[in-house]
Amino acid sequence: MLYQGIRDLPIVSPHGHCDPAWFARNTAFSNPADLLVKPDHYVFRMLYSQGIPLEDLGVGVAGQEADPRKVFHIFAAHWHLFLGTPSRVWIEYVMRETMGIKAELSAETADAVYDQISERLAQDTYRPRALFERFNIEVLATTDAALDDLAYHVQINESGWQGRVIPTFRPDGVLDGSDPVFATNLAELETQTGCDLGSYDGYLMALRARRVFFVEMGATATDHGVKVLQTEWLSDPNIIYQRLKTGTGTVQDAQRFYGHMLIEMAQMSIEDGLTMQIHAGACRNTNAVVMNRFGRDMGADIPIAVDWARGMDALLNRVGNNADLRILLFTLDESTYARELAPMAGHWPCLRIGPPWWFHDSPAGIERYFNQVVETAGYYNLAGFNDDTRAFMSIPARHDVWRRGVALHLAGQIDKGYFGRSDAEHLAQLLAVELARDAYGLIP
Amino acid sequence: MLYQGIRDLPIVSPHGHCDPAWFARNTAFSNPADLLVKPDHYVFRMLYSQGIPLEDLGVGVAGQEADPRKVFHIFAAHWHLFLGTPSRVWIEYVMRETMGIKAELSAETADAVYDQISERLAQDTYRPRALFERFNIEVLATTDAALDDLAYHVQINESGWQGRVIPTFRPDGVLDGSDPVFATNLAELETQTGCDLGSYDGYLMALRARRVFFVEMGATATDHGVKVLQTEWLSDPNIIYQRLKTGTGTVQDAQRFYGHMLIEMAQMSIEDGLTMQIHAGACRNTNAVVMNRFGRDMGADIPIAVDWARGMDALLNRVGNNADLRILLFTLDESTYARELAPMAGHWPCLRIGPPWWFHDSPAGIERYFNQVVETAGYYNLAGFNDDTRAFMSIPARHDVWRRGVALHLAGQIDKGYFGRSDAEHLAQLLAVELARDAYGLIP
Amino acid sequence: MLYQGIRDLPIVSPHGHCDPAWFARNTAFSNPADLLVKPDHYVFRMLYSQGIPLEDLGVGVAGQEADPRKVFHIFAAHWHLFLGTPSRVWIEYVMRETMGIKAELSAETADAVYDQISERLAQDTYRPRALFERFNIEVLATTDAALDDLAYHVQINESGWQGRVIPTFRPDGVLDGSDPVFATNLAELETQTGCDLGSYDGYLMALRARRVFFVEMGATATDHGVKVLQTEWLSDPNIIYQRLKTGTGTVQDAQRFYGHMLIEMAQMSIEDGLTMQIHAGACRNTNAVVMNRFGRDMGADIPIAVDWARGMDALLNRVGNNADLRILLFTLDESTYARELAPMAGHWPCLRIGPPWWFHDSPAGIERYFNQVVETAGYYNLAGFNDDTRAFMSIPARHDVWRRGVALHLAGQIDKGYFGRSDAEHLAQLLAVELARDAYGLIP
């Protein structure tokens, strides 16, 4: 079976949102609710959609007082809501494979399961570093603001522990002039780098300095999140820069400037070799009430349609023919898989298609992805897999779902006569680990 | 087999376009053409697309003189056009299960089949109420203009017959300022309710009064049809209201006012508990020649892309966190299943996803629906099934296609290891009847 | 097996881009690189996407000096890039079925295979006319600019050879006012036809004259390529015509005029019976560097979303109810299959849906096409198959992939109970050849 050949390969996790503090401090995870419910927006958004208040789930500031045992009980009592979702697949995997728990979640078993998980978490073998090793993680990339001091990464590096946890350069906060704290961020950037941010040239210099720091700390990639994709090469960016810096820019100024800065980032990637990730098409924090009471990233992010062909035009026409540059595109708009992403990645030397992202990182989502990208882009223009998670415990589960999906897809291709077993076995290795290593420049 | 467990459950039909006069009068259906061809836009649109004039099919005013036997003959002679369509599946079911006719339709059998159906229709057991009972319909909702006097519903209620036929409040005619008869409709609304429509407040009062009347008549839901979805909370709606009322509003006024009124309707739903249905994205009556000669709803309605995320933003941010409110979304743009509807329904407490609508209410459409909504929205954020038909005879056939689709989907999920047989059996019950009852507040 | 029943039917190729010179001159194809690599944008775009310079592949002016043996070696050495793509399926078919070569392509076998193919090409049985006959091509349509003198078609007709090679009228160059050589083209059109192009009426007369010439030369269809679809009936087209003719029109003028001319073309099709093809939604030549160095059609064409419902509105409302008119719609935006094209073709008498186009002409693309169009449009509103290729050698391979896809689809329909074997066998014949003959008015 193709799956057997890749099941136990090391995990390459080149993009995600784990907290580096876990591995720096290596303290035990506190309790089952903090582990499985509170940090998992897939989980609490589903519960919220069925009328359960977020405060009862211990989420955000408003939920700080919630009793973790009660939170876990609510979760277990509503386990049926997750039927048919990847969350259920992932959590079943964690319970069975990582925790060794046999009971099925329900209101009746909630307390016993809570105790069992708690008992595991108290053991040394369930501390972050031990799990990292047990999970056979070759490398784990975190996602870090451009202004982050990467203190935890430093601490990990200096600790002597061999686990490879690297940062990713995420500069949205210093590129997006519509961010309310943009000016504050620039002031901080000036302080950190010593560059003179009075001019656009000094601003570029400061960004370069931060990239150098991230590279020194092991980063191999940048990451950019954008709602409406629109790139443009400004002939005099300093004009808009000055307006945005002084808070007198318009929404359109910010949009145009961000689109220009994406091109600058791509040009810097040519210089320093950082792989560039573009995640486009998410409306963030669409529920104002939830945003105000609980904060960002509370399950109210909703995808919209994306126009990749026209949105990337200016950027690609400036840097796209460079075969040493790597730009990975991630979409939440599956109608662009076959219509735009596969044709674009099948032409431009710099492009690779990222794996199914977020809501589409699921068994059926993986099947749709392969069905719609491979015929035009082939396999070698794909970027392998990302787990993209802040739920550390679910990482092996997510890679397992991907590897099963890869095996199913390749078995189907053999059936259809596309190629034989030997090619399929080679492609399985590629899709499980090698394409990700290659796309992110991660030498094992 | 999962299908066996749900095949004979009662039919819950919470949204459709049957004529309540049928059940009020309970007179026999007139002839096979009036039963199977003339009221079924799926049927005559296909025939028209292959060059058959609508007048030859007895459709609309221009077709009044057509001989029903000849109409049926044309239909039977072109039966091959329906190969691969759900219309063929539905009509075969009606012929076989409801009519007990074994012959296959063709030019050769047309006359004999016509006579056989006619002979059935003359029997008391084929009158509307008898069929309603034979079909095991638990409840049937019609769709009725806000100004409708619901006389047939009154007649049904007073007749002593036990069949449950309830109205649905469809206020488009009194909300849409671009409707040529908007002003006339408001005048009629004033007369009916006795409210003073000189001001926006009186207008709201009148709408509330009509909703009260519909609720008294058994309604549990409203229905709203919209081409381009766009909601907005107006700070002073009276200004636009006055312009629209006096016929001096612009197209944009009408669009903005309609978007505002959707929010008002949602707010009234919080008060009176009516489930709100939004059917978005159909360009109605796109063929001007057909519209002028034959009237509305003549098969020339064509879907367009819908932007649910931004279109619902103002409405959801005003009422969406209310867990007692039910808003059901219906789309003709399948690219929004996974991109927008499932993520939205998987977050907002008020939202449920309506079943595959219109052109997508078909075996492959049902499969695509489950494939694309379940992983993100789960099953409990779905609204079960609607037949949404004006072809009464086809109701059992349509529910049967859905139930087969449900069984196939769930069997596939078992195969993929998503869950076991017992969960599947429970979900089958939910999808066949219980979710529809719940979404529409229909206690059996 | 359904496939066996259609595998050996004659090939009807009503739309494609073969060079008529091949059949006029009937000289041997020069070498394997010229045959399989240089003219196939599917092939060289994939190689380019993985960093291989186009000049090394012998492409365009910049590649003229490339040694064909080296070009072929690069191609063979990168054969793994094509795993999972239809290009690989097609080329394997050509190698095996047409060339009788057993070796698999690789760096190791490149030279030997090159020699084997070269040896075949030197034989008379591998000349264009012999292959045309061996391929059992009933008719092959080329695509020709409105100003083309069709000299090669004349030569073929006068040669006494029985192969049917017909032109297709492609007037974009004389309709699109944004084309830099539009004015030059009009001058040439005036010279060719002797019409006075000083007025819009004379311009229409000249277009009619060219259509007459193409019809005399055997054409049965026109073809129109459009990026953003938008039709509009201008009340006074002469105003814009004059501006465009003198180079003083705006981009918007050109767009509106083109949309108007599509309607004029449809009206002329009613007169002269030419089937009208509309290929919409491709951004052409999006890579400026490649365009400047290598020319047009170098693999940088990228699809975008299309709005068929609103884009075709003016045209359809002017001519769409004509049942003798044939308009075939081709999309690169698969989200429009079920949302727009199938509903439109299932209503308007003039419309047929073209087969999966370009990036979607593939096994999975064909499956998605049937899955999404048949339930609403049926089979009789489809236009059969086009190979749409400039890679002559691949024609049998492409029709074979389609026929296998047809057989698989129909077998699936039988399994699902949609219809029985006898209907399926009939539909297979229709889809393999008869619908194409009918849509293009090609009497065998």
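Protein chains in written order, with the numbering used here: chain H, 1 to 444; chain Y, 445 to 888; chain P, 889 to 1332. Beta carbons are placed, not taken as given, at the ideal position from N, Cα and C, and that holds for glycine.
Excluding the 5 residues preceding and the 5 following P:Ser1006 in the sequence, name in chain order all residues of the same chain whose CB lies nearer than 7 Å to its CB. Position 118 of the third sequence, counted from the first residue, corresponds to residue 1006 of chain P. Result list for P:Ser1006: Asn919, Pro920, in chain order.
Taking only beta-carbon positions, decide if Y:Val672 is within less than 8 Å of chain H. For the purposes of this step, residue 672 of chain Y is taken as the residue at position 228 of the second sequence. False, the Cβ-Cβ gap to chain H never drops below 8 Å.
On the three-state DSSP scale, how would you describe Y:Gly885? The residue given as residue 885 of chain Y occupies position 441 in the second sequence. In this structure, DSSP gives Y:Gly885 a state outside helix and strand, which the three-state scheme calls coil.
Simplified DSSP state of P:Gln1080, which is helix, strand or coil: Mapped onto the third sequence, residue 1080 of chain P falls at position 192. It is helical.
Would the region 1080-1091 of chain P and the region 1047-1054 of chain P be scored as touching if the rule is three or more Cβ pairs under 8 Å? Too few Cβ pairs lie closer than 8 Å, so no.
Got a sec? Which residues, its chain only, sit under 7 Å from P:Thr1277 by beta carbon, not counting five neighbours each side? In the third sequence, the residue the question calls residue 1277 of chain P occupies position 389. The residues are Gly904, His905, Ile1283, Arg1286.
Nearest-angstrom beta carbon gap, H:Ala428 and H:Ile6 [assumed within contact, 8 Å]: Along the first sequence, read from residue 1 onward, the residue named residue 6 of chain H stands at position 6. Along the first sequence, read from residue 1 onward, the residue named residue 428 of chain H stands at position 428. Contact check for H:Ile6 and H:Ala428: beta-carbon distance about 5 Å, within the 8 Å limit, so the pair qualifies.
Considering only the beta carbon of each residue, do H:Ile240 and H:Phe257 sit closer than 8 Å? On the first sequence, position 240 is the one that residue 240 of chain H refers to. On the first sequence, position 257 is the one that residue 257 of chain H refers to. Between H:Ile240 and H:Phe257, the gap from beta carbon to beta carbon is short of 8 Å.
Tell me whether the beta-carbon of H:Phe330 lies closer than 8 Å to the beta-carbon of H:Leu244. Against the first sequence, residue 330 of chain H aligns to sequence position 330. Against the first sequence, residue 244 of chain H aligns to sequence position 244. No. Outside cutoff.
Could you name the residues of the region 801-828 of chain Y whose beta carbon sits closer than 9 Å to any beta carbon of chain H, in the order they occur along the chain? Listed by position, the residues of the region 801-828 of chain Y near chain H (Cβ gap below 9 Å) are Phe814, Asn815, Gln816, Val818, Glu819, Thr820, Ala821, Gly822, Tyr823, Tyr824, Asn825.
How would you label P:Thr1333, buried or exposed, when you count the other beta carbons within 10 angstroms and need 16 or more for buried? Nothing in the structure corresponds to residue 1333 of chain P, since chain P is present only between 889 and 1332.
Less than 8 Å separating the beta-carbons of Y:Leu759 and Y:Leu718? Stepping through the second sequence from its first residue, residue 759 of chain Y is reached at position 315. Stepping through the second sequence from its first residue, residue 718 of chain Y is reached at position 274. Not in contact: Y:Leu759 and Y:Leu718 (Cβ atoms no closer than 8 Å).
So within the region 207-295 of chain H, which uninterrupted alpha helix (DSSP H) runs reach at least 4 residues, ignoring any that extend past its ends? For the region 207-295 of chain H, the continuous alpha helix (DSSP H) assignments of 4+ residues that do not extend past its boundaries occur at 237-245, 251-272, 288-294, in sequence order.
DSSP state of Y:Ala551 mapped onto helix, strand, coil: Taking the second sequence and counting its residues from 1, the one referred to as residue 551 of chain Y is at position 107. Note: Y:Ala551 maps to coil in three-state DSSP.
So for H:Glu55, helix, strand or coil by DSSP? Here residue 55 of chain H refers to the residue found at position 55 when the first sequence is read from its first residue. Looking at H:Glu55 - three-state DSSP - the assignment turns out to be helix.
Please report the residue range of the beta strand (DSSP E) in which Y:Arg770 lies. Within the second sequence, the letter at position 326 stands for residue 770 of chain Y. Y:Arg770: not part of any beta strand (DSSP E); DSSP gives it neither H nor E.
Could you please give the first and the last residue of the uninterrupted beta strand (DSSP E) stretch that includes P:Arg1240? Here residue 1240 of chain P refers to the residue found at position 352 when the third sequence is read from its first residue. Element bounds for P:Arg1240: 1239-1241.
Could you give the DSSP three-state label for Y:Leu594: helix, strand or coil? Along the second sequence, read from residue 1 onward, the residue named residue 594 of chain Y stands at position 150. Coil at Y:Leu594, not helix or strand.
Pick from H:Leu431, H:Thr286, H:Gly247: whose alpha carbon is nearest that of H:Arg352? Taking the first residue of the first sequence as position 1, residue 352 of chain H is located at position 352. Nearest option by C-alpha distance: H:Leu431.
Looking at chain H, is there any beta carbon in it that lies within less than 8 Å of the beta carbon of P:Arg1198? Here residue 1198 of chain P is taken as the residue at index 310 of the third sequence, counted from 1. Against chain H, the CB of P:Arg1198 has no partner CB under 8 Å away; the residue lies outside that interface.
Any contact between the region 981-996 of chain P and the region 910-918 of chain P? By contact I mean 3 or more CB pairs, one from each, below 8 Å. Verdict: no, contact absent.
With a threshold of 16 other CB atoms inside 10 Å of the CB of H:Ala505, please say whether the residue is buried or exposed. Past the edges of chain H, shown from 1 to 444, lies residue 505 of chain H, and the structure says nothing about it.
List, in chain order, every chain Y residue whose beta-carbon is nearer than 7 Å to that of H:Gly299. For this step, residue 299 of chain H is matched to residue 299 along the first sequence. Here the neighbours are His791.
Answer yes or no: do P:Arg968 and P:Gly1187 have a C-beta to C-beta separation smaller than 8 Å? On the third sequence, residue 968 of chain P is found 80 positions in, with the first residue counted as 1. On the third sequence, residue 1187 of chain P is found 299 positions in, with the first residue counted as 1. One point to set straight first is that residue 968 of chain P is His, not Arg, in the sequence displayed. In this structure, P:Gly1187 does not lie closer than 8 Å to P:His968 by Cβ.
At least 3 beta-carbon pairs within less than 8 Å: the region 1016-1033 of chain P vs the region 881-888 of chain Y: Counting C-beta pairs with one atom in each stretch, the region 1016-1033 of chain P and the region 881-888 of chain Y have fewer than three that are closer than 8 Å, which means they do not touch.
Taking CB distances under 8 Å as the criterion, tell me whether P:Met983 reaches chain H. Residue mapping note: residue 983 of chain P aligns to position 95 of the third sequence, counting from 1. No - not a single Cβ of chain H is within 8 Å of the one on P:Met983.
When Cβ atoms are compared, which residues of the region 910-942 of chain P fall closer than 9 Å to chain H? If the cut-off is 9 Å between Cβ atoms, the region 910-942 of chain P has Tyr930, Arg933, Met934, Tyr936, Ser937, Gln938, Gly939, Ile940, Pro941 near chain H.
As an exercise, report each continuous alpha helix (DSSP H) stretch of at least 4 residues that is fully enclosed by the region 783-821 of chain Y, in chain order. Qualifying alpha helix (DSSP H) stretches, in chain order: 786-789, 807-821.
Is there a Cβ of chain H sitting closer than 8 Å to that of Y:Arg783, yes or no? If you number the second sequence from 1, residue 783 of chain Y lands on position 339. Yes - at least one Cβ of chain H is within 8 Å of the one on Y:Arg783.
Does chain Y have any CB closer than 8 Å to the CB of P:Tyr1349? Here chain P has residues from 889 to 1332 only, and residue 1349 of chain P is not among them.
May I ask you to list, following chain order, the residues of the region 270-296 of chain H that have a beta carbon less than 8 Å from some beta carbon of chain Y? So the list reads Cys283, Thr286, Asn287, Ala288, Val289, Val290, given in the order they occur along the chain.
For P:Ile1054, write down the residues that DSSP places opposite it in a beta bridge. For this step, residue 1054 of chain P is matched to residue 166 along the third sequence. Paired residue(s): P:Ala1029.
Can you name, in chain order, every residue of its own chain whose Cβ lies under 7 Å from the Cβ of P:Val1001, other than the five neighbours on each side? As a first step, residue 1001 of chain P is located in the third sequence; it is residue number 113 there, counting from the start. Within its own chain, the residues whose Cβ lies closer than 7 Å to the Cβ of P:Val1001, once the five positions on either side in sequence are excluded, are Ala964, Ile989, Ala991, Leu993, listed in chain order.
Is Y:Thr666 near Y:Thr730, with beta carbons less than 8 Å apart? Mapped onto the second sequence, residue 666 of chain Y falls at position 222. Mapped onto the second sequence, residue 730 of chain Y falls at position 286. No, these two residues do not count as a Cβ contact at 8 Å.
Sheet register partners of P:Ile1190 (DSSP bridge): What you label residue 1190 of chain P is simply residue 302 of the third sequence in a count that begins at 1. According to DSSP, P:Ile1190 bridges with P:Cys1171.
Beta-carbon contacts of Y:Asp777 that lie in its chain and below 7 Å, excluding the five residues immediately before and after: One-based indexing of the second sequence puts residue 777 of chain Y at position 333. Contacts found: Gly725, Pro747, Ala749, Val750.
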